[in-house]
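In UniProt numbering, the protein residues as written are 1 to 407.
What follows is the structure, given as structure tokens:
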């Protein structure tokens, strides 16, 4: 079986993660490149230029490392001691660089961008509840360092406000970009949890039904068989009668279990479609259902086949197609039911004739007097089916073994 392609929500999240990564990682690299070019183009002494380049390199490495960690969700809740040491070295290096290039013979655009990158890196590296405080503290430290330059006559007083505002603005832009990705990631996780919870609830319901049936019958069977064992030597006729009752109870338990399984596998068409739309919605696909005002209920020929068709079509949408929308239309008349399932991720891989896909279901529909067709056009895949009304409702207690296998 081919691997299932990621559903729409996962694909969009992957795209957004890549976009965020390519937004964050090149930022400090570009800032360091601009700062390096500016420093080289001006006549700094060789030793000063070397210190500037080293400071830029350390700040770039720290920023890139932390941006990559938060984007890949490999970062811990708090930076380690080694991380803080690297950050302190990078911050001290940038602060020292500001003194080395003062008085500013040029607009230190690269230095400003790199300072904002380092600020954004420490913001994103901290837990969410501490990020705003970190932005305020980092902006305040940068403003204080610039104020010292202004007091020493190495920068204009207005430079203090300008540098602080620019660094805070650039850092906030980076923060907002990463925040949008983080929100999308959390929504996708919540959607996955909701889908798993729906499956778990259904399993618990089914398990509870089986427990109620089996528990009651087995308890009575245990009591009667124990009593029959005690009466075996004293009253054989009574013991035989009790064991016959045990046989009847065992048959009843088997019949009730089959009825539960049949009811679990075969529900009304409206319920099947509603469940299918919930599954697709949980997978990030916009699914809509157009149902009659009242559920047409049961009592159609090929009712089991219709349930198989809806589940098969839903599986094909998730496994083989890459849709953004799916539509289910159910129409009930006096003659029978009509179902149409469409999606905009057309794929013909589900129409194989090995008996497990739509081709296999077509024969089963025709066997009960119905029809099943499908077509792909203009990027849309449409499945249409029709079923007549049954002469009598099916017996829910009938053994599944007597029905045709779908495998």
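All residues carry an ideal CB built from backbone N, CA and C; glycine is no exception.
Less than 8 Å between the C-beta atoms of residue i and residue j, yes or no?
i           : j           : result
residue 114 : residue 35  : yes
residue 346 : residue 379 : yes
residue 204 : residue 167 : no
residue 93  : residue 58  : yes
residue 232 : residue 222 : no
residue 324 : residue 280 : no
residue 172 : residue 282 : no
residue 55  : residue 96  : yes
Can you name, in chain order, every residue of its own chain whose Cβ lies under 7 Å from the Cβ of residue i, other than the five neighbours on each side?
i           : result
residue 291 : 270, 273 and 330
residue 19  : none
Per DSSP, what kind of secondary structure is residue i in: helix, strand or coil?
i           : result
residue 342 : strand
residue 43  : coil
residue 21  : helix
residue 78  : coil
residue 248 : helix
residue 225 : helix
residue 334 : coil
residue 129 : helix
residue 383 : strand
residue 268 : coil
residue 236 : helix
residue 322 : coil
residue 388 : strand
residue 375 : strand
residue 165 : helix
residue 289 : strand
Report back the beta-carbon spacing between residue i and residue j to the nearest angstrom; my notes put them in contact at under 8 Å.
i           : j           : result
residue 368 : residue 286 : Not a contact, Cβ separation roughly 32 Å.
residue 336 : residue 387 : 5 Å
residue 319 : residue 381 : No, residue 319 and residue 381 are not in contact; Cβ-Cβ is about 13 Å, not under 8 Å.
residue 67  : residue 133 : The pair is not a contact, with the Cβ atoms about 20 Å apart (cut-off 8 Å).
residue 184 : residue 29  : Going by Cβ atoms, the distance from residue 184 to residue 29 rounds to 25 Å, so no, they are not a contact pair.
For residue i, which residues of its own chain have a beta-carbon under 6 Å away from its beta-carbon, when the five flanking residues on both sides are left out?
i           : result
residue 131 : 123
residue 373 : 384
residue 11  : none
residue 79  : 125
residue 170 : 116
residue 198 : none
Can you give me the Cβ contacts of residue i inside the same chain, cut-off strictly under 8 Å, excluding the 5 residues immediately before and after it?
i           : result
residue 210 : 257 and 260
residue 53  : 36 and 39
residue 277 : 287, 288, 289, 326 and 328
residue 366 : 372
residue 177 : 20, 23 and 24
residue 235 : none
Pick out whichever of the options has its Cα sitting closest to the Cα of residue i.
i           : options               : result
residue 118 : 366, 16, 31 and 281   : 31
residue 250 : 339, 110, 97 and 213  : 213
residue 181 : 14, 345, 121 and 111  : 14
residue 90  : 345, 198 and 62       : 62
residue 88  : 45, 67 and 141        : 141
residue 344 : 316, 358 and 252      : 316
residue 226 : 207, 184, 242 and 16  : 242
residue 246 : 323, 233, 110 and 216 : 216
residue 363 : 323, 309 and 389      : 309
residue 60  : 18, 268 and 26        : 26
residue 202 : 275, 95, 340 and 44   : 275
residue 389 : 56, 109, 84 and 334   : 334
residue 312 : 17, 361, 108 and 206  : 361
residue 174 : 375, 70 and 377       : 70
residue 218 : 83, 41, 248 and 189   : 248
residue 41  : 83, 82 and 108        : 108
Beta-carbon of residue i versus every beta-carbon of chain D: anything under 8 Å?
i           : result
residue 162 : Considering every chain present, this structure includes no chain D. It has just one protein chain.
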